[in-house]
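Asks: Quick note: to get my numbering, add 3 to the position in the sequence shown (first position is 1).
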Amino acid sequence: MQQLIDRIRKDGVLKPGNVLKVDSFLNHQMDIELINEIGKEFKHRFADLDITKIVTVEASGIGIACIAAQYFHVPVVFAKKAQSVNIDGEVYSTQIQSYTHKRIYDVMISKKFIGPKDKVLIIDDFLANGCALVGLIELVSCAGASVEGIGIVVEKGFQTGGEVIREMGMRLESLAIVERMDVETGEIFFRGE
Ligand code: 5GP
Numbered sequence: 004m005q006q007l008i009d010r011i012r013k014d015g016v017l018k019p020g021n022v023l024k025v026d027s028f029l030n031h032q033m034d035i036e037l038i039n040e041i042g043k044e045f046k047h048r049f050a051d052l053d054i055t056k057i058v059t060v061e062a063s064g065i066g067i068a069c070i071a072a073q074y075f076h077v078p079v080v081f082a083k084k085a086q087s088v089n090i091d092g093e094v095y096s097t098q099i100q101s102y103t104h105k106r107i108y109d110v111m112i113s114k115k116f117i118g119p120k121d122k123v124l125i126i127d128d129f130l131a132n133g134c135a136l137v138g139l140i141e142l143v144s145c146a147g148a149s150v151e152g153i154g155i156v157v158e159k160g161f162q163t164g165g166e167v168i169r170e171m172g173m174r175l176e177s178l179a180i181v182e183r184m185d186v187e188t189g190e191i192f193f194r195g196e
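#1: Taking Cβ positions, are residue 204 and residue 126 nearer each other than 8 Å?
#2: Kindly indicate which residue of 141, 191, 66, 168 has the alpha-carbon position closest to the one of residue 131.
#3: Shortest alpha-carbon distance to residue 77 belongs to which of 122, 15, 177?
#4: Please list, in chain order, all residues of the same chain as residue 72 whose beta carbon is under 6 Å from its beta carbon, the five residues on each side excluded.
#5: Using a Cβ cut-off of 8 Å (strictly closer), state whether residue 76 contacts chain C.
#6: Can you grab the Cα-Cα spacing for the pair residue 164 / residue 31, in whole Å?
#7: Count the other CB atoms within 10 Å of the CB of residue 159; is the residue buried (16 or more) or exposed (fewer)?
#8: Using a threshold of 7 Å, is the CB atom of residue 132 nearer than that to any non-hydrogen atom of ligand 1?
#9: Got a sec: does ligand 1 put a non-hydrogen atom nearer than 7 Å to the Cβ of residue 84?
#10: Take residue 172 as the anchor and find which of 184, 178, 153, 189 has the nearest alpha-carbon.
#11: Nearest to residue 145 by CA position, among 24, 46, 112, is which residue?
#12: Taking the straight line between their C-alpha atoms, what separation do you get for residue 185 and residue 95?
#13: Taking the Cβ atom as the reference point for each residue, do residue 135 and residue 180 lie within a distance shorter than 8 Å?
#14: Between the beta-carbon of residue 38 and the beta-carbon of residue 191, is there less than 8 Å?
#15: Is the beta carbon of residue 124 closer than 8 Å to that of residue 54?
#16: Assuming contact is defined by CB atoms lying nearer than 8 Å, are residue 150 and residue 140 in contact in what I supplied?
#17: Using CA coordinates, which residue listed in 188, 116, 120, 109 is at the minimum distance from residue 17?
#18: Specify the secondary structure class of residue 121 as computed by DSSP and reduced to three states.
#19: Take residue 46 as the anchor and find which of 103, 177, 133 has the nearest alpha-carbon.
#20: Taking DSSP as the reference, what is the three-state secondary structure of residue 135?
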């Protein structure tokens with residue numbers, strides 16, 4: 004998605020540890036017009052699917068998922084990060100290793116909001132090593148629901164997540180795929196350019 008690539012190149016900031024910061028338009032301040040175009044693009048790429056729910060993880064996926072959901076006309080369910088997992092059987096839970104904070108979170112979705120009839124589109128902001136997506140896929144699978152597609156805003160193609168998820172047979176669409184980024188010069192190279 005060229006508009007997104009241009010914006011990342013203009014306003015993205017490279018940090019040590021292969022982190023691309025997009026705080027000025029996606030992860031802190033949010034450019035709603037751009038995110039609206041992102042939502043439309045997800046709808047366009049997954050137009051053939053009959054989606055009943057969009058699933059994401061708090062916090063940064065929520066805004067993007069909500070805007071996309073307006074085009075799919077379905078609810079958003081976000082996996083909550085929990086201090087300790089509720090063991091009363093009311094939730095599906097798993098653990099996710101956070102790429103940016105280097106710690107492990109318990110995440111959960113209430114059994115009330117996802118079930119075997121659901122056809123799910125997972126949406127998230129970044130794909131790095133794939134831990135967040137593997138966790139979300141696990142939660143959806145535990146509910147007996149199907150993952151029909153996965154929409155990612157920025158995939159870091161030089162990390163392993165894309166391969167892991169595609170090898171699982173998932174239909175993964177990433178709107179911008181970074182092939183290489185140079186923290187010294189600030190240059191970012193995208194797939195397909
Ligand atoms: P993964 O679980 O695929 O290793 O990492 C994905 C998660 O880590 C995303 O939900 C995102 O919040 C965060 N993340 C990973 N890499 C980056 C990055 O380069 N920049 C930002 N802003 N977040 C990232």
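Quick reminder that beta carbons are idealized off the backbone N, C-alpha and C, glycines included.
Replies: Let me lay it out:
#1: This structure does not reach residue 204, given that the chain is present from 4 up to 196, and the question cannot be answered.
#2: Taking the first residue of the sequence shown as 1, we reach residue 131 at position 128. Considering only alpha carbons, the answer is 168.
#3: Taking the sequence shown and counting its residues from 1, the one referred to as residue 77 is at position 74. When each option's Cα is compared against that of residue 77, the closest is 122.
#4: The residue you call residue 72 lines up with position 69 of the sequence shown. The answer, listed in chain order, is 57, 79.
#5: Of the protein chains in this structure there is only one, and it is not chain C.
#6: The residue you call residue 164 lines up with position 161 of the sequence shown. The residue you call residue 31 lines up with position 28 of the sequence shown. Between residue 164 and residue 31, the C-alpha separation is close to 24 Å.
#7: Within the sequence shown, the letter at position 156 stands for residue 159. It counts as buried.
#8: The residue you call residue 132 lines up with position 129 of the sequence shown. Result yes, Cβ under 7 Å from ligand 1.
#9: By 1-based counting over the sequence shown, the position of residue 84 is 81. Shortest gap from the CB of residue 84 to any heavy atom of ligand 1: 7 Å or more.
#10: As a working mapping, residue 172 is identified with position 169 in the sequence shown. The candidate whose alpha carbon is nearest that of residue 172 is 153.
#11: Locating residue 145 in the sequence shown gives position 142, where the first residue counts as 1. 112 is the residue among 24, 46, 112 whose C-alpha sits nearest the C-alpha of residue 145.
#12: Indexing the sequence shown from 1 puts residue 185 at position 182. Indexing the sequence shown from 1 puts residue 95 at position 92. Each residue's Cα considered, the two are about 39 Å apart.
#13: Position 132 of the sequence shown, counted from the first residue, corresponds to residue 135. Position 177 of the sequence shown, counted from the first residue, corresponds to residue 180. No, the Cβ-Cβ distance between residue 135 and residue 180 is not below 8 Å.
#14: Locating residue 38 in the sequence shown gives position 35, counting from the first residue. Locating residue 191 in the sequence shown gives position 188, counting from the first residue. No, they are not a contact pair.
#15: Counted from its first residue, the sequence shown places residue 54 at position 51. Counted from its first residue, the sequence shown places residue 124 at position 121. Yes. Within cutoff.
#16: Position 147 of the sequence shown, counted from the start, is the residue given in the question as residue 150. Position 137 of the sequence shown, counted from the start, is the residue given in the question as residue 140. The answer is yes: Cβ separation under 8 Å.
#17: As a working note, residue 17 is residue 14 in the sequence shown. Looking at the Cα atoms, 188 is the closest of the given residues.
#18: Working through the sequence shown from its first residue, we reach residue 121 at position 118. Here residue 121 sits in coil by DSSP.
#19: What you label residue 46 is simply residue 43 of the sequence shown in a count that begins at 1. With distances taken between Cα atoms, residue 46 lies closest to 177.
#20: Residue 135 sits at position 132 when you count from the first residue of the sequence shown. Of the three classes helix, strand and coil, the one that applies to residue 135 here is helix, per DSSP.
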